[in-house]
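Written below as structure tokens is the structure these notes are about.
Protein chains in written order, with the UniProt record's numbering: chain R, 1 to 187; chain V, 1 to 187.
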């Protein structure tokens with residue numbers, strides 16, 4: 001398991017073995033079953049998560065009980081309700097397992113500690129944050145410029161494997177269309 | 001002018017006078033007239049910008065010549081086509097002045113240099129990036145969960161001053177609705 005996180009960090013910064021051991025002390029490994037929640041809407045957000053294996057959805061449930069998927073998270077992705085995590089406010093979204101999932105969790109206190117103690121890790125977090133920011137700027141752009149069918153095709157092209165692991169109902173909720181509309185795209 | 005940038009950085013990290021002087025060496029101040037472009041869609045993105053005064057729009061022009069506003073940027077905001085900036089690829093969007101505007105520009109080379117030489121600045125950039133990431137995650141959420149009228153009301157509540165400075169046509173383009181639809185909200 002440690003190799004996954006080490007290899008992931010190594011793509012951005014090279015840590016010595018001692019530094020890596022120190023970093024790993026601040027993460028905890030946890031296993032969740034399909035349908036289990038890591039974050040519950042309305043509750044505290046203690047951690048952000050690095051996905052070792054499995055698949056999750058970040059969802060917002062509206063007052064009518066309708067589910068909106070903000071993002072999926074699979075192997076090598078970081079996920080949380082980052083707004084609630086960084087500002088230590090209540091979660092606006094839930095993070096729930098679509099498959100049995102294994103994650104490394106990192107508390108905000110440990111995120112801040114690693115950033116402060118190890119410049120390499122602050123650099124790593126900056127790169128990840130910039131990549132996350134870029135991805136979300138691109139998603140905003142796709143909402144403004146593409147219709148649901150085009151967003152469907154972009155997703156299929158970018159993450160072909162996701163389509164084999166996610167139900168049509170979840171895909172529709174991610175794209176912001178009904179299940180029936182989605183069926184027309186994929187037929 | 002320097003005070004604006006100094007005060008902005010000071011909200012997150014305290015720099016000594018020497019550090020601040022060093023930081024300022026890496027920024028250049030520039031003035032642009034209303035309608036001038038800082039970034040042109042399809043061209044290189046040399047800088048990200050800290051807005052000292054004025055107002056800008058980050059826009060995507062589609063094949064039909066329709067303009068989509070991804071974000072506005074006013075005093076104390078940072079703006080760029082961050083995807084193109086960080087990956088040094090061609091701009092997918094344009095950054096254009098809505099008013100006469102004064103900015104501090106920062107090249108990627110200087111961004112990287114400041115991050116590497118001054119841990120305080122890497123920390124500052126990490127905080128800004130996380131805030132930008134949070135804001136865009138919130139905007140994605142609002143696209144999924146709110147209709148155009150609700151997004152209009154959220155914007156009015158969050159940035160009341162923007163409404164006095166931006167035309168109805170630009171607001172409509174930001175919200176992703178027609179000028180006629182917008183008139184119904186505000187009447």
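Where is the CB? At the ideal position from N, CA and C, for every residue including glycine. Keep in mind it's a predicted model, so treat the numbers as computed, not measured.
Which residue from the options puts its Cα closest to that of residue i?
i: residue 5 of chain R; options: R/37, R/51 and R/36; result: R/51
i: residue 135 of chain V; options: V/120, V/75, V/71 and V/153; result: V/71
i: residue 59 of chain R; options: R/32, R/41, R/47 and R/48; result: R/41
i: residue 77 of chain V; options: V/45, V/116 and V/54; result: V/54
i: residue 116 of chain V; options: R/123, R/182, R/116 and R/160; result: R/123
i: residue 163 of chain V; options: V/12, V/138, V/131 and V/98; result: V/98
i: residue 183 of chain V; options: V/153, V/161 and V/102; result: V/153
i: residue 158 of chain R; options: R/34, R/139, R/86 and R/173; result: R/139
i: residue 21 of chain R; options: R/44, R/34 and R/121; result: R/121
i: residue 110 of chain V; options: V/3, V/27 and V/17; result: V/27
i: residue 141 of chain R; options: V/151, V/83, V/32 and V/131; result: V/83
i: residue 100 of chain V; options: V/132, V/35, V/143 and V/61; result: V/35
Over what stretch of residues does the beta strand (DSSP E) that includes residue i continue unbroken?
i: residue 67 of chain R; result: 67-74
i: residue 27 of chain R; result: Looking at the DSSP string, residue 27 of chain R is not in any beta strand (DSSP E), and its letter there is neither H nor E.
i: residue 9 of chain V; result: No beta strand (DSSP E) holds residue 9 of chain V; the alpha helix (DSSP H) holding it covers 2-10.
i: residue 94 of chain R; result: 94-97
i: residue 38 of chain V; result: 37-39
Residues of chain A with a CB under 8 Å from the CB of residue i: which are they?
i: residue 119 of chain R; result: Absence of chain A from the displayed structure is noted, the protein chains being R and V.
In terms of residues, what are the limits of the alpha helix (DSSP H) holding residue i?
i: residue 23 of chain V; result: 17-24
i: residue 152 of chain R; result: 148-158
i: residue 113 of chain R; result: 108-117
i: residue 164 of chain V; result: 162-165
i: residue 57 of chain V; result: That residue, residue 57 of chain V, is in no alpha helix (DSSP H); its beta strand (DSSP E) goes 55-61.
i: residue 183 of chain R; result: 179-186
i: residue 175 of chain R; result: 168-175
i: residue 84 of chain V; result: 82-87
Distance check for residue j and residue i, CA to CA, integer angstroms please.
i: residue 1 of chain R; j: residue 80 of chain R; result: 20 Å
i: residue 57 of chain R; j: residue 68 of chain R; result: 10 Å
i: residue 12 of chain V; j: residue 181 of chain R; result: 46 Å
i: residue 193 of chain R; j: residue 165 of chain R; result: Summary: the structure shown does not reach residue 193 of chain R, with chain R confined to residues 1 through 187, and so no result is reported for it.
i: residue 186 of chain V; j: residue 43 of chain V; result: 37 Å
i: residue 25 of chain R; j: residue 103 of chain R; result: 15 Å
i: residue 178 of chain V; j: residue 49 of chain V; result: 30 Å
i: residue 91 of chain V; j: residue 46 of chain V; result: 10 Å
i: residue 63 of chain R; j: residue 112 of chain V; result: 44 Å
i: residue 150 of chain V; j: residue 3 of chain R; result: 46 Å
i: residue 30 of chain V; j: residue 168 of chain R; result: 50 Å
i: residue 37 of chain R; j: residue 86 of chain R; result: 19 Å
i: residue 146 of chain V; j: residue 96 of chain R; result: 22 Å
i: residue 133 of chain R; j: residue 132 of chain V; result: 7 Å
i: residue 137 of chain R; j: residue 137 of chain V; result: 9 Å
i: residue 155 of chain R; j: residue 7 of chain V; result: 42 Å
i: residue 32 of chain R; j: residue 160 of chain V; result: 44 Å
i: residue 17 of chain V; j: residue 17 of chain R; result: 37 Å
For the putative contact between residue i and residue j, defined by C-beta atoms under 8 Å, what is the C-beta separation to the nearest angstrom?
i: residue 129 of chain R; j: residue 126 of chain V; result: 6 Å
i: residue 170 of chain V; j: residue 148 of chain V; result: About 15 Å separates the two Cβ atoms, so there is no contact after all.
i: residue 94 of chain V; j: residue 9 of chain V; result: Residue 94 of chain V to residue 9 of chain V, Cβ: 27 Å. No contact.
i: residue 19 of chain R; j: residue 118 of chain R; result: 6 Å
i: residue 23 of chain V; j: residue 114 of chain V; result: 6 Å
Taking 8 Å as the cut-off, does the CB of residue i come closer than this to any heavy atom belonging to the ligand COA?
i: residue 49 of chain V; result: In the structure shown, the ligand COA is absent, as is every other ligand, since no ligand is present at all.
So is residue i buried or exposed if we call it buried at 16+ other beta carbons inside 10 Å?
i: residue 89 of chain V; result: exposed
i: residue 65 of chain R; result: exposed
i: residue 172 of chain V; result: buried
i: residue 144 of chain V; result: buried
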